[in-house]
């Protein structure tokens, strides 16, 4: 029996869900209870990509594939679809969405292809925003919304105009902070974050990766701050902001 064949994995999954001989835990799972595990596996794949640990990445990709197999098995039991249907659907979708590769359609520019791509996805919808899942994290949802509306021409002409929008939102936020209007502060802060994300879209930079890198950069510096504090016999809970800035600048230089 081959151990590296997808059909073998499907058999394993079917056996785990077998009503009589299956695993008690696996048998009682539903699509809804599997959701957190599927999301977790996606994050674990991303972590290994960041770490460039390819041995671990191979393992995590297997775990992610297992989630697809798991959900497909549950769907098959409900007589909705099976794993082969999933494969057929994605294969057909990719062929249809890449006519310049699998057929003879020509696109003069990448932008022309992107416009065609968006139009092909939006044909059966009342709004271009209809197919954005409400379950997306806010950062991803905002990025998708901005890309969608930009695909039909609703965007600033230049990067500088996008930055001016950020400056405008900062001014509005300052006004509401002075007014101490909590509801308006939340609204304006949301607008500011949304406008900032749009700049990353204009510059064709992934906001998730940008923020992740900023988090790692800050964490790296903070650990240096902690080391400097220990070396200088300082209690970080008791020092002033002025002292903090001094240590922070030392950490930046190092």
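Numbering (our numbering), first residue to last: 24 to 277. Just so it is clear, CB atoms sit at the ideal spot from N, CA and C, and this is done for glycine as well. Owing to the predicted nature of the structure, the values given are computational and were not obtained by experimental measurement.
| request: May I ask you to report which of helix, strand or coil DSSP gives residue 223? | output: Translated into positions along the chain shown, residue 223 becomes position 200. Here residue 223 sits in helix by DSSP.
| query | In its own chain, which residues sit with a C-beta less than 7 Å from the C-beta of residue 102, not counting the 5 before and 5 after it? | reply | The residue you call residue 102 lines up with position 79 of the chain shown. Around residue 102: no qualifying Cβ.
| Which residue's Cα is closest to the Cα of residue 92: 129, 60, 115 and 71? | Residue 92 sits at position 69 when you count from the first residue of the chain shown. The shortest Cα separation from residue 92 among 129, 60, 115 and 71 belongs to 60.
| Proximal residues to residue 219 (C-beta, below 7 Å), its chain only, five neighbours per side dropped | Start at 1 with the first residue of the chain shown, and residue 219 comes out as number 196. Only 189 meet the Cβ criterion.
| query | Near residue 143, which residues of its chain fall below 8 Å by C-beta distance, leaving aside the five closest residues on each side in sequence? | reply | If you number the chain shown from 1, residue 143 lands on position 120. The answer, listed in chain order, is 119 and 120.
| task | Given a cut-off of 8 Å, decide if residue 88 and residue 68 are closer than it, judged by their beta-carbon atoms. | result | Within the chain shown, the letter at position 45 stands for residue 68. Within the chain shown, the letter at position 65 stands for residue 88. Cβ atoms of residue 68 and residue 88: not closer than 8 Å.
| Does the beta-carbon of residue 238 have 16 or more other beta-carbons within 10 angstroms, so that it is buried, or is it exposed? | As a first step, residue 238 is located in the chain shown; it is residue number 215 there, counting from the start. Its Cβ having fewer than 16 others within 10 Å, residue 238 is exposed.
| Does the distance from the CB of residue 155 to the CB of residue 164 come in under 8 Å? | The residue given as residue 155 occupies position 132 in the chain shown. The residue given as residue 164 occupies position 141 in the chain shown. Yes.
| field | Length of the line joining the Cα atoms of residue 182 and residue 240 | value | For this step, residue 182 is matched to residue 159 along the chain shown. For this step, residue 240 is matched to residue 217 along the chain shown. For residue 182 and residue 240, the distance between alpha carbons rounds to 25 Å.
| request: Specify whether the segment 165-178 and the segment 222-229 touch according to this definition: at least 3 beta carbon pairs, one from each stretch, less than 8 Å apart. | output: yes
| query | Just checking my contact of residue 138 with residue 95 at CB under 8 Å: how many whole Å lie between their CB atoms? | reply | Within the chain shown, numbered from 1, the residue matching residue 138 stands at position 115. Within the chain shown, numbered from 1, the residue matching residue 95 stands at position 72. Not quite, the Cβ-Cβ distance comes to about 33 Å (not below 8 Å), so this is no contact.
| task | Report buried or exposed for residue 106, applying the criterion of at least 16 other Cβ atoms within 10 angstroms of its Cβ. | result | For the purposes of this step, residue 106 is identified with residue 83 of the chain shown, where counting begins at 1. So residue 106 counts as buried.
| field | Rounded C-alpha distance that separates residue 135 from residue 83 | value | Position 112 of the chain shown, counting from 1, holds the residue named residue 135. Position 60 of the chain shown, counting from 1, holds the residue named residue 83. Looking at the two C-alpha atoms, the distance is approximately 36 Å.
| Same chain, Cβ closer than 8 Å to residue 168, five either side skipped, listed in chain order | In the chain shown, residue 168 corresponds to position 145, counting from 1. Correct list, in chain order: 152 and 155.
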